[in-house]
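Colleague:
Numbering (the numbering used here), first residue to last: 11 to 647.
Next comes the structure, spelled out in structure tokens:
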């Protein structure tokens, strides 16, 4: 009754029961759980207070009871319980471990505040307490921890890092200042704090620490590098305002700024530092490698180019498409120093059309060089570059072999370029149309194939060769297309079947038998090819669907036995005349195969009288003995 009254928050009933019955009969822990896990899922402070007043459990029991309910208890209820707990018997580690799962706002805060204030630090897991305080981010609890527990027992770096990285009720900056003023600075490892802060980009907070503490406590070079990397100009300005810059490592810092593309930092550092302290050469290299165009251009246009290693700059500029930098290099540097073929290839790889046009107009490339550009462009499918090269070539001198260009486009799988080359040319005899059609069919670009049939003279194409090639590659859609477009009398179906069996494309074999009637000799030849190349599934399909007798599949039987293919052998015995099979095997001396059949084929499938007669007729005592030993008791001869 009491448990029900507690669960349903019936305060009057609870009071009546406590008044009417002896308290020793009640289990305090059981009742407490009922109070907290009430059916209304809400605070039950009044009933809990009544429980605490009437059931005087020991402090030890109280601590255990808190452990039972700490995951779900409400803040007011937690506060009421804690007032009756004995701190010396309090298992704070276990309770906190479970209490952190509590989703009731304020419950964990209430518990942590009580633990910090009442429990002896010597029995606390201070690392766990510190971590929980940092997760809570409640200023009052953070300050209470520092004020209550001896700071030397705490890892104060943890709370300082948390103060830098977290919001702490929106007042983390004031909390940072509070920590500096209330904790002995000697307890902090500022280099560790600075490293964590820089890693998370909390440079404004680092600046705050620098303004309030001794700079010698920090790794200023690391801070400078991180400020440049993250583009924090105010921190860079603050650090450079110090006359002693030897600790700032500005040579490394400017490289970081160039790598990450912070031009305003680069300008400020170069303007306010002795160039002798800066590694401009490395900074330029990093900017180039990282593709930082604005920085590369600014350094190039505003610094002495003798400070740079420009040997690789032309290639990188062409790769990134930096036309302004390429033009500057043409104006200021002897371009014979550069490998211009490599440069234009870099531009072609990224299809920087304006840059390529500039290079073609300003560099005397050899005919072979331009052909290599055409080859690369066709293979990569760069239509605009191909158009440009064709437009720029001398009309009187057909520099480019369009047959090669088309083949390169096909080899690269560039359907758009293939279409453009075909549809823009009025002389298709320049192309290897059989090669083109093979590529179109193998990739099943049937719309383009239709256009070719409708618009190009294809009298010189070997349709039979194309057909059996498509069949051998297993492209059923292209095969059907060719069957519709070509006079079937021109096609060599025998070779198509043979090549398809060699490659093992069952769907194409099926289609070929649908559209053409093959002779027995042609079928046997195809099956032999299937055997030779171990495409058993095609042979099985042919035997299931085409009338083939035992004599026709002798070779199949031999191959099946040699490869120990029990499933196929069983299929053969089921689907052919076993009498003819045994006769053929015996007449040809294939007694090992007969022995194999006896060992591997299910006995009811065999006619043992035929086997006995044939073995006797051919004088095979070993087979007769085998049959008698294994089947005398089960077979009636």
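Backbone N, C-alpha and C define an ideal beta-carbon position, used for all residues, glycine too.
Along the chain, where does the alpha helix (DSSP H) containing residue 152 start, and where does it finish?
Modeller: To locate residue 152, count along the chain shown from 1; it is residue 142. Run containing residue 152: 149-158, per the alpha helix (DSSP H) assignment.
Colleague: Quick check on DSSP: helix, strand or coil for residue 555?
Modeller: Numbered from its first residue, the chain shown carries residue 555 at position 545. The answer is helix: DSSP assigns residue 555 an H, G or I state.
Colleague: Would DSSP call residue 410 helix, strand or coil?
Modeller: Walking along the chain shown from the start, residue 410 turns up at place 400. Residue 410: coil per DSSP, three-state reduction.
Colleague: Under the three-state reduction of DSSP, which class applies to residue 162: helix, strand or coil?
Modeller: Taking the first residue of the chain shown as 1, we reach residue 162 at position 152. Note: residue 162 maps to helix in three-state DSSP.
Colleague: What did DSSP end up calling residue 377 once you bin it into helix, strand or coil?
Modeller: In the chain shown, the residue the question calls residue 377 occupies position 367. Note: residue 377 maps to helix in three-state DSSP.
Colleague: From 345, 364, 465, pick the residue whose C-alpha is nearest to that of residue 331; which is it?
Modeller: The residue given as residue 331 occupies position 321 in the chain shown. Out of 345, 364, 465, 364 has the C-alpha closest to the C-alpha of residue 331.
Colleague: For residue 601, tell me which candidate among 624, 40, 198 has the shortest Cα-Cα distance.
Modeller: Indexing the chain shown from 1 puts residue 601 at position 591. Checked all of 624, 40, 198; the closest Cα to residue 601 is 624.
Colleague: Should residue 391 be labelled buried (16 or more other beta-carbon atoms within 10 Å of its own) or exposed?
Modeller: Along the chain shown, read from residue 1 onward, the residue named residue 391 stands at position 381. Label assigned to residue 391: buried.
Colleague: So residue 200 packs on residue 228, CB below 8 Å; how close in whole Å?
Modeller: Residue mapping note: residue 200 aligns to position 190 of the chain shown, counting from 1. Residue mapping note: residue 228 aligns to position 218 of the chain shown, counting from 1. The pair is a contact, with the Cβ atoms about 5 Å apart (cut-off 8 Å).
Colleague: Using the C-alpha atoms, what's the distance from residue 381 back to residue 416?
Modeller: Position 406 of the chain shown, counted from the start, is the residue given in the question as residue 416. Position 371 of the chain shown, counted from the start, is the residue given in the question as residue 381. Rounded to whole angstroms, residue 416 to residue 381 spans 13 Å at the Cα level.
Colleague: Enumerate in chain order the residues of its own chain whose CB-to-CB distance from residue 15 is below 7 Å, with the five nearest sequence positions on each side excluded.
Modeller: As a working note, residue 15 is residue 5 in the chain shown. Correct list, in chain order: 23, 24, 27.
Colleague: Tell me the DSSP secondary structure of residue 184 in three-state form.
Modeller: Translated into the one-based positions of the chain shown, residue 184 becomes position 174. Here residue 184 sits in helix by DSSP.
Colleague: Verify whether the separation of the beta carbon atoms of residue 432 and residue 462 is less than 8 Å.
Modeller: As a working mapping, residue 432 is identified with position 422 in the chain shown. As a working mapping, residue 462 is identified with position 452 in the chain shown. For residue 432 and residue 462, yes; Cβs fall inside 8 Å.
Colleague: Kindly indicate which residue of 159, 192, 468, 232 has the alpha-carbon position closest to the one of residue 208.
Modeller: In the chain shown, the residue the question calls residue 208 occupies position 198. It is 232 whose Cα lies nearest to the Cα of residue 208.
Colleague: Kindly provide the ranges of any alpha helix (DSSP H) runs that are 4 or more residues long and lie completely inside the segment 331-368, ordered along the chain.
Modeller: For the segment 331-368, whole alpha helix (DSSP H) runs of length 4 or above, ordered along the chain, are 333-342, 350-360.
Colleague: Indicate the three-state DSSP secondary structure (helix, strand or coil) for residue 528 in the structure shown.
Modeller: Sequence index remark: in the chain shown, residue 528 carries index 518 (1-based). It is coil, neither helix nor strand.
Colleague: Along the alpha helix (DSSP H) that carries residue 262, what are the first and last residues, could you check?
Modeller: Translated into positions along the chain shown, residue 262 becomes position 252. Per DSSP, residue 262 belongs to the alpha helix (DSSP H) from 260-270.
Colleague: What are the uninterrupted segments assigned as alpha helix (DSSP H) that are 4 or more residues long and contained completely in the segment 471-556, given in chain order?
Modeller: 473-482, 486-495, 503-513, 516-525, 530-542, 546-555, all fully within the segment 471-556.
Colleague: In chain order, what residues of the same chain have a beta carbon less than 7 Å from the beta carbon of residue 303, not counting five sequence neighbours either side?
Modeller: For the purposes of this step, residue 303 is identified with residue 293 of the chain shown, where counting begins at 1. Around residue 303: 330, 332.
Colleague: What are the boundary residues of the alpha helix (DSSP H) that includes residue 29?
Modeller: As a working mapping, residue 29 is identified with position 19 in the chain shown. Note, residue 29: alpha helix (DSSP H), 21-30.
Colleague: Which value, in whole angstroms, describes the spacing of the CA atoms of residue 11 and residue 56?
Modeller: On the chain shown, position 1 is the one that residue 11 refers to. On the chain shown, position 46 is the one that residue 56 refers to. Looking at the two C-alpha atoms, the distance is approximately 18 Å.
Colleague: Using a Cβ-Cβ cutoff of less than 6 Å, which residues in the same chain neighbour residue 283 once the five nearest sequence positions on both sides are dropped?
Modeller: Here the question's residue 283 lines up with position 273 in the chain shown. Excluding sequence neighbours, residue 283 sits near 260.
Colleague: Going by the CB atoms, is the gap between residue 387 and residue 351 shorter than 8 Å?
Modeller: Taking the first residue of the chain shown as position 1, residue 351 is located at position 341. Taking the first residue of the chain shown as position 1, residue 387 is located at position 377. Their beta carbons are not under 8 Å apart, which means residue 351 does not touch residue 387 by this criterion.
Colleague: Can you give me the C-alpha to C-alpha distance between residue 323 and residue 198, rounded to a whole angstrom?
Modeller: For the purposes of this step, residue 323 is taken as residue 313 along the chain shown, with counting starting at 1. For the purposes of this step, residue 198 is taken as residue 188 along the chain shown, with counting starting at 1. Looking at the two C-alpha atoms, the distance is approximately 47 Å.
Colleague: Have a look at residue 151 and residue 251 and give me their C-alpha separation to the nearest angstrom.
Modeller: Numbered from 1 along the chain shown, position 141 holds the residue referred to as residue 151. Numbered from 1 along the chain shown, position 241 holds the residue referred to as residue 251. Near 38 Å, if we compare the C-alpha coordinates of residue 251 and residue 151.
Colleague: With H, G and I counted as helix, E and B as strand and the rest as coil, what does DSSP make of residue 313?
Modeller: Counting from 1 along the chain shown, the entry for residue 313 is found at position 303. In the structure shown, residue 313 sits in coil (DSSP, three-state: anything other than H, G, I, E or B).
Colleague: Suppose you measure from the CA of residue 238 to the CA of residue 42; what does that come to, to the nearest Å?
Modeller: By 1-based counting over the chain shown, the position of residue 238 is 228. By 1-based counting over the chain shown, the position of residue 42 is 32. Approximately 59 Å, taken between the alpha carbons.
Colleague: Can residue 383 be considered in contact with the ligand NAP, in the sense that its beta carbon sits closer than 7 Å to one or more heavy atoms?
Modeller: Absence of the ligand NAP from the depicted structure is noted, as is the absence of any ligand whatsoever, leaving it without description.
Colleague: DSSP three-state call for residue 429: helix, strand or coil?
Modeller: Start at 1 with the first residue of the chain shown, and residue 429 comes out as number 419. Helix at residue 429.
Colleague: Whole angstroms are fine: how far does the CA of residue 173 sit from the CA of residue 289?
Modeller: Sequence index remark: in the chain shown, residue 289 carries index 279 (1-based). Sequence index remark: in the chain shown, residue 173 carries index 163 (1-based). Each residue's alpha carbon lies about 36 Å from the other.
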